[in-house]
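Working notes, structure below.
4 protein chains.
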Amino acid sequence: MAPAHRFTFGLWTVGNPGRDPFGEPTRAPLDPVDSVRRLAELGSWGISLHDNDLVPWGSGAAEEERIVARFEAALREHGLGVGMATTNLFGHPAFKDGAFTSNDRGVRRAAIGKAMRAIDLGARLGAEVFVFWGGREGTEAGIAKDPRDALDRYREAIDVLADYSVGQGYGMRFALEPKPNEPRGDIFLPTVGHALHFITTLARPDMVGVNPEVAHETMAGLSFVHGVGQALWAGKLFHIDLNGQRIGRYDQDFRFGAEDLKEAFQLVRLLTRAGYDGPLHFDAHAYRNEDADGVWDFAAGCMRTYTTLAEAAARFDALPEVVAAMELSSTAELARPSVDGDSPDALKAEVDALDSLAGRGYYNERLDQLLVDVLLGAR
Amino acid sequence: MAPAHRFTFGLWTVGNPGRDPFGEPTRAPLDPVDSVRRLAELGSWGISLHDNDLVPWGSGAAEEERIVARFEAALREHGLGVGMATTNLFGHPAFKDGAFTSNDRGVRRAAIGKAMRAIDLGARLGAEVFVFWGGREGTEAGIAKDPRDALDRYREAIDVLADYSVGQGYGMRFALEPKPNEPRGDIFLPTVGHALHFITTLARPDMVGVNPEVAHETMAGLSFVHGVGQALWAGKLFHIDLNGQRIGRYDQDFRFGAEDLKEAFQLVRLLTRAGYDGPLHFDAHAYRNEDADGVWDFAAGCMRTYTTLAEAAARFDALPEVVAAMELSSTAELARPSVDGDSPDALKAEVDALDSLAGRGYYNERLDQLLVDVLLGAR
Amino acid sequence: MAPAHRFTFGLWTVGNPGRDPFGEPTRAPLDPVDSVRRLAELGSWGISLHDNDLVPWGSGAAEEERIVARFEAALREHGLGVGMATTNLFGHPAFKDGAFTSNDRGVRRAAIGKAMRAIDLGARLGAEVFVFWGGREGTEAGIAKDPRDALDRYREAIDVLADYSVGQGYGMRFALEPKPNEPRGDIFLPTVGHALHFITTLARPDMVGVNPEVAHETMAGLSFVHGVGQALWAGKLFHIDLNGQRIGRYDQDFRFGAEDLKEAFQLVRLLTRAGYDGPLHFDAHAYRNEDADGVWDFAAGCMRTYTTLAEAAARFDALPEVVAAMELSSTAELARPSVDGDSPDALKAEVDALDSLAGRGYYNERLDQLLVDVLLGAR
Amino acid sequence: MAPAHRFTFGLWTVGNPGRDPFGEPTRAPLDPVDSVRRLAELGSWGISLHDNDLVPWGSGAAEEERIVARFEAALREHGLGVGMATTNLFGHPAFKDGAFTSNDRGVRRAAIGKAMRAIDLGARLGAEVFVFWGGREGTEAGIAKDPRDALDRYREAIDVLADYSVGQGYGMRFALEPKPNEPRGDIFLPTVGHALHFITTLARPDMVGVNPEVAHETMAGLSFVHGVGQALWAGKLFHIDLNGQRIGRYDQDFRFGAEDLKEAFQLVRLLTRAGYDGPLHFDAHAYRNEDADGVWDFAAGCMRTYTTLAEAAARFDALPEVVAAMELSSTAELARPSVDGDSPDALKAEVDALDSLAGRGYYNERLDQLLVDVLLGAR
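Protein chains in written order, with my numbering: chain Y, 1 to 379; chain G, 1 to 379; chain D, 1 to 379; chain F, 1 to 379.
Here it is in structure tokens:
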């Protein structure tokens with residue numbers, strides 16, 4: 001039986017060992033093949049991975065072949081797909097000043113080469129999307145990089161890699177994952193908006209979209225729903241990273257729904273209404289004080305909350321009180337064009353109506369309280 | 001003698017009466033003509049204005065003509081230019097649910113008409129740029145607006161107004177001013193990035209750029225220098241709003257340089273290096289506990305700090321120690337393309353160099369400390 | 001029939017006219033007597049007020065007497081109590097540099113005198129608690145006030161007023177309401193912690209507690225539950241302000257439960273477990289795009305969500321799965337003293353057990369997911 | 001020759017290897033004895049340390065004795081003092097749920113025992129202050145710990161350890177170091193205020209003060225100067241951690257002065273005016289993209305900026321324009337009591353003066369701009 005939702009988990013998420021800046025790992029590493037099995041049992045549709053989640057840095061060609069073949073067999077055995085593949089351009093010390101935007105040209109070239117190898121791996125595994133998270137592309141001391149040069153190099157790298165992928169005949173699309181800060185003081189392409197703009201400057205804009213992450217937009221206090229909305233509006237939501245995060249904090253990557261359930265509800269509703277059919281990817285991990293049991297509690301919780309919210313969204317839209325409040329809010333009227341061949345003078349004359357337009361209410365309290373009622377199961 | 005910098009102030013900035021959400025005004029209104037005189041005396045190049053800063057809401061046509069003619073005379077007498085004009089689409093109660101994106105179509109039409117009138121006024125006064133700050137375009141209860149509909153309406157309004165301006169033969173360019181929140185819970189086009197992307201979807205993208213504001217990007221904790229850098233990189237920095245702001249707070253609009261002098265230094269240096277020649281617009285106001293004296297202390301301080309920082313930036317770049325540290329940081333190397341016709345295999349082979357590339361330092365501490373030394377006048 | 005919860009609303013909350021820094025009022029003022037009637041009908045236990053919510057600034061003695069007597073009659077008629085009274089030391093322009101901590105001694109004295117008058121009013125109306133929110137006690141330009149002097153003056157004012165209240169034979173307790181910023185750049189006593197400490201330095205510490213507000217601690221990104229927990233632990237939770245707020249934003253004062261339902265659930269549960277029996281005060285207001293209908297939707301929603309959460313908390317604690325997960329989390333074990341007359345050497349010897357203690361899990365994912373399930377009505 | 005300032009560095013600061021949540025170390029470990037030598041050469045007064053910075057976890061007694069004796073010899077040889085000692089209660093996996101507030105009683109007991117051993121080590125090395133940073137004392141899933149129980153256990157631990165230190169005849173004072181979050185979602189005692197209050201509840205409040213850190217208060221957007229001001233006002237500033245941080249971000253621990261130079265100036269001026277004579281401790285580290293050279297650039301920069309700011313503060317206070325602006329701001333008047341035996345009626349009568357008191361200005365713009373001018377070396 002096919003899962004109702006195309007849920008995926010990164011190998012690095014259930015495999016997260018609980019290391020943080022102030023402490024050592026609290027959990028043993030997981031064998032990727034075991035993760036595949038457990039995720040299949042829990043009802044996940046697929047997995048995702050960085051090159052080095054599967055093939056450790058420094059593996060030789062024969063070792064890599066053995067690892068990948070064993071992994072392919074596990075995917076086949078358990079019927080899991082690969083939602084996306086990506087490359088780790090942040091863990092190796094050489095990337096400390098950036099990868100595609102390192103001041104050192106040798107590092108930039110190696111980063112491009114490493115991405116090419118990872119694209120090959122992703123294509124082999126059947127990944128739909130190849131993600132670029134430029135976690136090291138940024139600065140603490142802004143004076144050391146002209147941001148215009150950095151954007152030139154970033155664009156060059158994506159252009160070269162898009163050419164490569166097309167040249168190899170791979171069908172994968174690319175998705176850029178924005179983040180405002182951490183591990184760098186300020187990261188280039190900090191939000192969905194900056195990434196969407198950047199894509200319009202590429203040589204192959206059509207094959208590149210975004211991979212927004214709840215935690216990343218939320219760190220900057222931006223509305224994730226609005227950000228995803230702009231991506232959908234642009235036809236650029238190629239992938240999505242779901243998790244939980246409090247505003248203005250270190251990157252927490254909590255279980256989906258562990259923070260801001262109202263925003264999560266609206267997100268699930270928006271994805272459904274927009275017909276998003278890409279992977280629903282949980283990029284999160286269990287709290288560090290969990291043992292192995294907690295990892296699977298965490299994974300099951302992510303899926304359970306998404307499913308519960310999808311049901312609540314359907315219930316919400318079917319409620320007569322909601323339909324009535326939407327009408328009072330003139331929500332549907334926003335879809336209607338404002339102007340219909342009117343002359344400027346006609347529009348200028350309508351300014352005088354403002355005083356009389358000021359009196360009406362928009363019933364947002366009523367609508368939002370209905371949302372809360374439905375969310376709390378009280379309707 | 002022409003001012004060294006094209007400094008401008010909004011009429012609403014020196015004229016700010018010190019009202020806030022918790023208290024009544026502390027200063028009397030200023031006559032715009034008096035503001036023109038005082039700003040000229042202090043060395044400002046020009047002014048900027050909302051329609052209703054000059055012509056109060058509800059003025060009749062004759063009254064408007066009298067006010068505008070008197071103002072034009074004052075500009076001529078004191079030799080001030082108009083950096084930008086804009087329209088107030090946030091103060092009137094009718095805009096409480098938005099202007100171009102209000103759920104009420106009548107409000108949207110009136111907003112477009114009001115903007116047309118303000119464009120006429122701006123053209124008459126010789127404004128170089130017409131700014132759109134969509135302060136009310138957003139939500140507290142996100143459920144009441146589909147963000148995709150809102151962006152459709154926003155785009156429609158800007159397209160209609162661009163057609164209007166071109167149709168009238170006005171040469172003005174448009175500039176969109178992003179802001180993440182306040183007075184709405186979440187504002188559409190929250191950052192420079194979102195606005196830059198939105199512009200690429202317009203019918204006349206070439207005539208529309210951005211007007212980034214220090215306070216607005218900073219509220220979300222984003223690097224203003226990186227945001228301005230992306231706008232310059234895109235050729236879209238049409239105007240700029242300078243002030244001071246702490247991250248994660250209400251919109252403070254402090255005197256330029258009152259917060260984060262290091263970022264201000266880097267901003268001034270970037271604008272100079274990029275050859276930005278538009279107005280340097282201070283969108284700020286005196287602290288509420290100031291009287292009339294404080295207003296002019298405030299205005300003089302904005303210009304003095306900018307000038308001091310521009311001198312410091314020149315001193316910085318001329319320092320031999322800085323030149324040496326830039327070399328050690330490989331800053332110039334970032335301007336060099338990463339790839340030069342290399343084959344994929346050649347690039348893949350360079351991955352093996354990562355271990356040896358990891359050892360070098362980037363001398364960012366040295367460079368940043370030189371910046372601090374210069375900023376503090378210690379070099 | 002007595003309401004199940006002692007809900008109260010400030011006159012300024014339902015009476016909020018929807019003015020903000022960028023726009024004029026959107027709703028007409030309410031007659032306080034009408035507010036009393038409507039709140040009684042909706043099921044509120046009582047009201048609260050600033051002196052000037054009821055008696056406009058500048059009223060003469062006879063006018064004040066008339067207003068207060070009419071209001072007392074309305075309270076009696078509708079059976080509403082007065083949860084707290086307070087004084088407005090922020091609206092008048094004279095308070096622009098502070099009230100108890102203004103640099104101007106005349107302002108400080110007038111502020112103390114105004115508070116005395118308001119204490120008289122509160123006592124007359126039978127208020128249980130008198131609140132001090134020092135919204136103007138702070139700085140934008142920190143250089144203009146030594147914070148140690150400001151704290152001296154703040155303490156002096158509270159000491160003088162406590163003496164006054166006791167001297168008059170009033171039984172009211174005082175409660176300090178902390179806030180980190182807005183309308184000042186930085187406010188003295190920015191958090192619950194700072195206020196709790198300040199209270200220990202007073203001449204009459206026993207009669208002074210705190211009035212924490214969801215929005216205020218949340219603006220700084222602090223856990224409201226932990227802050228209230230420390231106040232309860234100290235026996236100092238004399239009053240509480242309930243509303244909704246996103247982290248790192250302007251003061252939003254949204255409907256209770258409109259933001260962060262998980263934190264709201266934990267707050268309600270903590271208040272219940274701690275036996276808090278003071279007023280449950282909603283210090284919030286309807287969205288600015290609401291008309292009069294929206295005001296009462298807002299008020300009803302605050303109470304409805306609190307009630308729903310209280311029921312959910314009871315359901316949560318009764319669930320066998322929760323009891324089991326609490327046991328696995330060793331939650332109750334935290335209430336047990338760590339040391340029981342052990343010698344230092346015995347404790348030092350236990351360090352060797354750390355390696356073996358590292359393996360266990362704490363089942364926080366399981367417990368938190370159960371909370372989410374209950375919150376969403378899925379259990 | 002004695003250093004002008006008592007600068008100290010933690011062994012873990014210059015020894016920071018550049019590991020972060022997303023990447024491996026970029027620098028080799030330093031021998032503590034080498035750090036001592038280099039810091040002495042650079043002009044540091046002393047060092048500070050965690051137990052495990054010097055004695056690796058798992059060392060036997062003989063190994064510990066050898067390491068400590070060698071370190072004592074290095075301190076003597078280079079004439080460095082020990083500003084503070086502390087214990088690492090966050091790195092070992094067993095502390096994943098907390099140390100003094102872990103739900104597991106065994107962990108709590110081991111944590112107390114480990115702190116006793118570290119107190120012995122600190123006393124042996126002549127540390128003036130013993131610091132407690134409770135980095136793991138907190139929650140992600142708040143439901144799993146009643147905050148009142150956690151505060152009980154926290155207090156118990158400090159009381160037991162204070163008794164131990166006094167019982168051993170050690171003269172060390174204790175200092176609590178608050179932090180709002182990271183590595184836990186929410187940490188108990190999140191700010192200086194919460195810690196100051198907690199101290200008043202201890203059995204030996206006189207021997208315990210606070211160790212505020214620039215980065216920690218700044219993460220929550222609180223004014224560090226106001227927080228340190230309240231600690232000084234309470235006589236509780238026993239130690240201080242200096243570094244740089246942007247609001248609302250991961251814990252950055254940048255070089256002192258790398259962020260917010262205006263706040264840093266005011267801090268240095270306040271410490272000087274208050275006669276603070278404890279260690280000036282830099283708890284920071286070099287950017288991760290630095291090599292060994294960068295570490296010493298970083299350390300020299302911290303001290304250089306502090307010294308430059310101290311000189312600027314002296315220059316500022318000596319400027320006649322500053323003296324005049326302070327007078328116009330009535331800054332000194334804030335030190336004068338507001339009330340001098342006045343009757344309540346006299347104070348109530350002064351309320352009528354508010355209208356006339358509203359007109360004056362406070363010259364904060366002038367004073368703040370003078371500060372900026374001095375800071376930039378322009379006066």
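Ideal Cβ positions, reconstructed from N, Cα and C, are used throughout, including at glycine.
About 13 Å separates the CB atoms of D:Pro93 and F:Ala353; that is not less than 8 Å, and the two are not in contact. With a beta-carbon spacing of about 6 Å, F:Arg38 and F:Trp296 fall inside the 8 Å limit used to define contacts.
Where D:Trp57 is concerned, there is no enclosing alpha helix (DSSP H), because DSSP gives it neither an H nor an E. By the neighbour-count definition (other C-beta atoms within 10 Å, threshold 16), D:Pro344 is a buried residue. In the three-state reduction of the DSSP assignment, F:Glu350 falls in the helix class. Using a CB distance below 8 Å, the part of the segment 137-150 of chain Y facing chain F consists of Glu140, Ala141, ordered along the chain. Within the segment 244-266 of chain Y, contact with chain G at the beta-carbon level (separation under 7 Å) is assigned to Gly248, Gln266.
The contact set of Y:Lys96 on chain F, defined by CB atoms closer than 8 Å, consists of Gly18, Gly23, Thr26, Arg288, Asn289 in chain order.
Chain D has a Cβ within less than 8 Å of the Cβ of G:Gly185. In the structure shown, the three-state DSSP call for G:His197 is helix.
DSSP, read as helix, strand or coil, puts Y:Glu182 in coil.
For the segment 93-125 of chain F, the set of positions with a beta-carbon nearer than 8 Å to some beta-carbon of chain Y reads Pro93, Phe95, Lys96, Asp97 in chain order. Counting along the chain, the unbroken beta strand (DSSP E) around Y:Leu176 starts and ends at 173-177. The C-alpha of G:Arg66 is placed about 10 Å away from the C-alpha of G:Gly60. For the segment 72-83 of chain Y, the set of positions with a beta-carbon nearer than 9 Å to some beta-carbon of chain G is empty.
Within chain F, the residues Phe22, Gly23 have their CB atoms less than 7 Å from the CB of Y:Phe90, given in chain order.
Runs of the beta strand (DSSP E) lying entirely within the segment 21-54 of chain G, each at least 3 residues long, are 46-50 in chain order.
Its chain contains Ile187, His216 as the residues whose beta carbon lies nearer than 6 Å to that of D:Lys179, once the 5 sequence neighbours on both sides are disregarded; these appear in chain order.
Under the three-state reduction of DSSP output, F:Phe238 falls in the coil class, being neither helix nor strand. Within the DSSP secondary-structure output, D:Ala85 pairs in a beta bridge with D:Leu49, D:Phe130.
Cα atoms of Y:Ile158 and Y:Ile199: separation of roughly 9 Å, rounded to the nearest angstrom. Taking 8 Å as the cut-off between beta carbons, the residues of the segment 352-370 of chain G near chain F are Ala358, Gly359, Arg360, Gly361, Tyr362, Tyr363, Asn364, Glu365, Arg366, Asp368, Gln369, in sequence order. Under the Cβ criterion of 8 Å, F:Asn181 is counted among the residues facing chain Y. Counting only runs of at least 4 residues, the segment 237-299 of chain G fully encloses the following alpha helix (DSSP H) elements, listed from N- to C-terminal order: 261-273. By the neighbour-count criterion, in which 16 or more other beta carbons inside 10 Å mark a residue as buried, D:Ser356 falls on the exposed side.
Against chain D, the CB of Y:Phe298 has a partner CB under 8 Å away; the residue lies at that interface. If you look at G:Gly79, you'll find it isn't in any beta strand (DSSP E); DSSP assigns it neither H nor E. Among the bridge pairs identified by DSSP, Y:Ile187 is matched with Y:Gly138. Y:Gln168 is classed as exposed because its beta carbon has fewer than 16 other beta carbons within 10 Å across all chains shown. In its chain, beyond the 5 residues on either side, Asp373 have a beta carbon closer than 6 Å to the beta carbon of F:Arg379. Assigned with DSSP and collapsed to three states, D:Thr101 falls in coil, not helix or strand. No Cβ-Cβ contact shorter than 8 Å links Y:Ala162 with Y:Arg124. Distance from the CA of Y:Pro25 to the CA of Y:Arg304, rounded to the nearest whole angstrom, comes to 27 Å. The three-state reading of DSSP puts G:Phe71 in helix, counting H, G and I together.
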